[in-house]
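K.L.:
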Amino acid sequence: MIIVGVDGSVTARAAVEWAANDAFRMRLPLRIVHAVDRTPYQISKYPERPDALLLEGARVLREAVALVHERRPTVEVTTRQVEGTPATVLQEQAEEAAEIVVGSRGLGGFAGMLLGSVSIHVAGHARCPVVVVPGGRRPVYGEVVVGVDDSPECEPALAYAFEQAALRGATLRAVHAWQLMVPAFAMDAPYDVEELRATQHEVVGAKLAAARARYPQVTVVENDASATPVDALVEASGQADLLVVGSHGRGALGSVLLGSVSRGVLHHAHCPVAVVRA
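Residue numbering for the sequence shown is 1 to 278, as defined by full-length UniProt numbering.
#1: Please report the distance separating the alpha-carbon of Val122 from that of Val4.
#2: Quick one: Cα of Leu242 to Cα of Leu167, how far?
#3: By the three-class DSSP mapping on this structure, what secondary structure does Gly135 have?
#4: For the beta strand (DSSP E) that contains His270, what are its first and last residues?
#5: Given Leu53, which residues of its chain have a CB within under 6 Å of its CB, disregarding the five upstream and five downstream residues?
#6: For the beta strand (DSSP E) that contains Thr78, what are its first and last residues?
#7: Going by C-alpha to C-alpha distance, which of Arg72, Thr39, Leu67 sits closest to Thr85?
#8: To the nearest angstrom, report how far apart His125 and Ala274 are at their CA atoms.
#9: Is it the case that the stretch 20–32 contacts the stretch 139–149, given that we only count it when at least three CB pairs across the two stretches are under 8 Å?
#10: Please classify Gly57: is it buried, with 16 or more other beta-carbons within 10 angstroms of its beta-carbon, or exposed?
#11: Are the stretch 95–104 and the stretch 131–141 touching by the rule of at least three beta carbon pairs closer than 8 Å?
#12: Figure out for me which residue from Thr11, Asp22, Thr88, Glu163 has the closest Cα to the Cα of Arg214.
#13: Out of Thr219, Gly238, Ala177, which one is the CA nearest neighbour of Pro139?
#14: What residue ranges within the stretch 194–228 form continuous beta strand (DSSP E) runs of no fewer than 3 residues, ordered along the chain?
#15: Kindly list the residues whose CB is nearer than 7 Å to the CB of Gly116, restricted to its own chain and excluding five residues on each side of it in sequence; keep chain order.
#16: Can you tell me whether DSSP reads Leu107 as helix, strand or coil?
#17: Could you give the distance in angstroms between the alpha-carbon of Arg219 and the alpha-carbon of Tyr160?
#18: Express the C-alpha separation of Cys154 and Glu17 in angstroms, rounding to a whole number.
#19: Answer yes or no: do Val245 and Ala157 have a C-beta to C-beta separation smaller than 8 Å?
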């Protein structure tokens, strides 16, 4: 099952479209979820009269369902309106999900997804991939980008990226970012740069080999970038349909999967970002 969080915002609409397309490609049912969060306003529920928050939530859900029926009429879709904070609601829903989709910025229930607490909490705790979708329309580039390092933690992200590339008929661009560590005041690097570059290429190749065997139909482009992970991935996202990163990783050669990288990418990427928990 794919789950998408909605709140009536423009980016939530983009998230619904993304989730509907993924549900169609993956042949999974879609659940649309709205969080009724009373805590910011301390609004009580009065049984004797209609609840304004619940009525508004029902309207938001109806509009989201109509959009799914318009875009992907064959997708099975259900709705849920759940009381609680957005982070808690999404984390609980993740127990049943193959993927969670949210908009990058919202109103009320899912506000500030790229600004910190909710997106970081969900991406760091959800057991399934979390896709953060910005608003606005972009061209289809036919490319999925994934960050790769030498840690075992990158493997779930790599597997998800290959699957998405296969489902979309897209090229997969594997980005391995690394930087020379030169001691302060040193005139030259204390190692052979070309040898180090060859080592980086070998690391990426070894990580990709098993996935290539499982998805022989996917064309793979390898990028060894001498740059910070965030800079390399953000640059690659400029002509990508999806950027995939892991939520945690501690590679000895300079991880692209650290929490700080995931957060940096979420703030600056030009395309939807999937965060895959290791």
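The C-beta atom is built at its ideal place from N, Cα and C for all residues, glycine as well.
P.N.:
Let me lay it out:
#1: Between Val122 and Val4, the C-alpha separation is close to 13 Å.
#2: Using only the alpha carbons, I get a separation of about 12 Å.
#3: Of the three classes helix, strand and coil, the one that applies to Gly135 here is coil, per DSSP.
#4: Here His270 belongs to no beta strand (DSSP E), and DSSP marks it neither H nor E.
#5: Leaving aside the five residues that flank Leu53 on each side, the residues in its chain whose CB is nearer than 6 Å to its CB run, in chain order, Val36.
#6: Unbroken beta strand (DSSP E) run through Thr78: 77–83.
#7: Taking each of Arg72, Thr39, Leu67 in turn and checking the Cα distance to Thr85, the smallest one comes out for Thr39.
#8: His125 and Ala274 have their C-alpha atoms some 14 Å from each other.
#9: Contact fails: fewer than three Cβ-Cβ distances are below 8 Å.
#10: When all chains shown are included, Gly57 counts as buried.
#11: Short answer: they touch.
#12: Ranking Thr11, Asp22, Thr88, Glu163 by Cα distance to Arg214 puts Glu163 first.
#13: Of the candidates Thr219, Gly238, Ala177, the one whose C-alpha sits nearest the C-alpha of Pro139 is Gly238.
#14: Taking only runs of at least 3 residues, the beta strand (DSSP E) segments lying wholly in the stretch 194–228 are 220–226.
#15: Note that Gly116 scores 41 on pLDDT, short of 50, meaning its location in the model is unreliable and no value can be drawn from it.
#16: For Leu107, the pLDDT reaches just 49, beneath the cut-off of 50, and the residue's location in the model is therefore unreliable, although a value from the coordinates is still provided. Leu107 falls in the coil class under three-state DSSP.
#17: Note on identity: in this sequence residue 219 is Thr, with Arg being the wrong assignment. Rounded to the nearest angstrom, the two C-alpha atoms are 15 Å apart.
#18: When rounded, the distance between both Cα atoms is 28 Å.
#19: Taking 8 Å as the Cβ cut-off, Val245 and Ala157 qualify as a contacting pair.
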